[in-house]
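*Asks:* Here it is, the structure in full.
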Amino acid sequence: MNKFELKFSAMIENEAVLRVLVSSFLAPLGISDEEIMEVKTIVSEGVSNAIIHGLENDPNRMVEVRIELDDEELYIMIKDDGKGIEDLELALTPMFSTLKIEEHTGMGFTIMSTFSDEFDVKSAVNHGTEIHIRKYLHHYDNDIV
Amino acid sequence: MYRMIDSEPKIYVVPNEFGGVEVKKIRDEIIKEIDEIKPNYIIFDMRDTTFIDSSGIGFLLGRYTQVQRYKGKVVLYGVNKPISKLLRLSGMYSIMQIVDREEEEVL
Ligand SMILES: Nc1ncnc2c1ncn2[C@@H]1O[C@H](COP(=O)(O)OP(=O)(O)OP(=O)(O)O)[C@@H](O)[C@H]1O
Ligand SMILES: [Mg+2]
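Each protein sequence line maps, in turn, to chains H and G.
Residue numbering for the first sequence follows this note's numbering, beginning at 10 and increasing consecutively.
Residue numbering for the second sequence follows this note's numbering, beginning at 14 and increasing consecutively.
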């Protein structure tokens, strides 16, 4: 079991920091580059949403991320106490975005759920959004560890 | 007076990782340049790219829409397999010309 808990300012620069962290966290496990890329993308989409939509790029507000690895099971939690999602079903629809003007294509949630084995979003308007993800790392190579 | 449309393809090298921060860094400059020179073809060289997220995809779609206005074309060149999966999921294959990395090695 290995766990990480982080809190960081809602700045998009910090999403790139998370990517490096996720890479280093997974590198020693002997999983494929493709799977590392999938986990990085999941984290990037979730964290970007929290920063951009939830907390509206306010550096005084914080995003919370938890990553837990238990054998081959990876658990990721991404949380913000921002503005929340009004219509969750609509938000989860591919190509739906409330920020189309800024070149958001509305694919974040679709990408996240495609790359995850279990994907769950909880959100309350004016209270925030929490996403929970489970992913089983299939290409675990025990010889390398 | 009509302005001649530039027929030289314009090549942009996409960085190794192409997410929110990287898009923010290059977006405005590229949008401005495309508006100025109106290239017939834009090639995004993705041979070195190993990570992209919806911000990067949004940027590429945005440039596609931008050149569509004057009937320009966008090509994504040298896309690796995991990224090609992601682009397919986002419906990019049905609107842009995409040359995968395997195909590129044959050329
Ligand atoms: N943490 C969040 N807080 C508030 N709203 C959110 C949050 N995450 C997502 N949303 C809402 O759900 C919509 C869909 O999210 P999704 O990530 O699928 O698309 P997007 O972020 O708009 O575009 P893209 O991810 O393609 O750049 C967003 O437009 C936004 O309205
Ligand atoms: Mg998003």
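Backbone N, C-alpha and C define an ideal beta-carbon position, used for all residues, glycine too.
Computed from a predicted structure; not experimentally measured.
What residues in its chain sit with their C-beta under 7 Å from that of residue 30 of chain H, if we drop five residues either side in the sequence?
*Replies:* none
*Asks:* Just checking: is the beta-carbon of residue 57 of chain G within a distance shorter than 9 Å of some beta-carbon in chain B?
*Replies:* The structure shown has no chain B; the protein chains it does contain are H and G.
*Asks:* Does chain H have any CB closer than 9 Å to the CB of residue 99 of chain G?
*Replies:* yes
*Asks:* Please list the partners that residue 63 of chain G has in chain H, where partner means a Cβ-to-Cβ separation under 8 Å.
*Replies:* 42 and 46
*Asks:* Between the Cα of residue 115 of chain G and the Cα atoms of G/95, G/107 and G/104, which residue gives the shortest distance?
*Replies:* G/95
*Asks:* Whose C-alpha, out of H/52, H/65 and H/116, is nearest the C-alpha of residue 26 of chain H?
*Replies:* H/52
*Asks:* Taking residue 139 of chain H as the reference, which of H/45, H/81, H/39 and H/62 has the closest Cα?
*Replies:* H/62
*Asks:* Within 8 Å: the Cβ of residue 59 of chain H and any heavy atom of ligand 1?
*Replies:* yes
*Asks:* Strictly under 9 Å for the Cβ-Cβ distance: is residue 107 of chain G near chain H by that measure?
*Replies:* no
*Asks:* Jot down the residue ranges of each uninterrupted alpha helix (DSSP H) in the stretch 28-111 of chain H, minimum 4 residues, whole runs only, in chain order.
*Replies:* 42-58 and 97-101
*Asks:* Quick one: list the residues of chain G neighbouring residue 113 of chain H, beta-carbon separation under 9 Å, in chain order.
*Replies:* 67, 68 and 71
*Asks:* Chain H partners of residue 74 of chain G, CB-CB under 9 Å?
*Replies:* 112 and 114
*Asks:* Interface residues of chain H around residue 30 of chain G at Cβ under 7 Å?
*Replies:* Going along chain H in sequence order, the residues near residue 30 of chain G (Cβ under 7 Å) are 28.
*Asks:* Does the distance from the C-beta atom of residue 90 of chain G to that of residue 47 of chain G stay below 9 Å?
*Replies:* No, Cβ-Cβ distance for residue 90 of chain G and residue 47 of chain G is not below 9 Å.
*Asks:* Can you give me the Cβ contacts of residue 33 of chain G inside the same chain, cut-off strictly under 6 Å, excluding the 5 residues immediately before and after it?
*Replies:* 68
*Asks:* Under the criterion of a Cβ to heavy atom distance below 8 Å, does residue 124 of chain H qualify as lining ligand 2?
*Replies:* no
*Asks:* Sorry if obvious, but does the Cβ on residue 54 of chain H come closer than 8 Å to a heavy atom of ligand 2?
*Replies:* Result yes, Cβ under 8 Å from ligand 2.
*Asks:* Which word fits residue 85 of chain H, buried or exposed, when buried means at least 16 other C-beta atoms lie within 10 angstroms of its C-beta?
*Replies:* Burial call: buried.
*Asks:* Work out the CA separation of residue 37 of chain H and residue 120 of chain H for me, nearest whole Å.
*Replies:* Computed Cα separation, rounded: 25 Å.
*Asks:* Taking 6 Å as the limit between beta carbons, can you name the residues of its chain near residue 93 of chain G, skipping five residues before and five after?
*Replies:* 114
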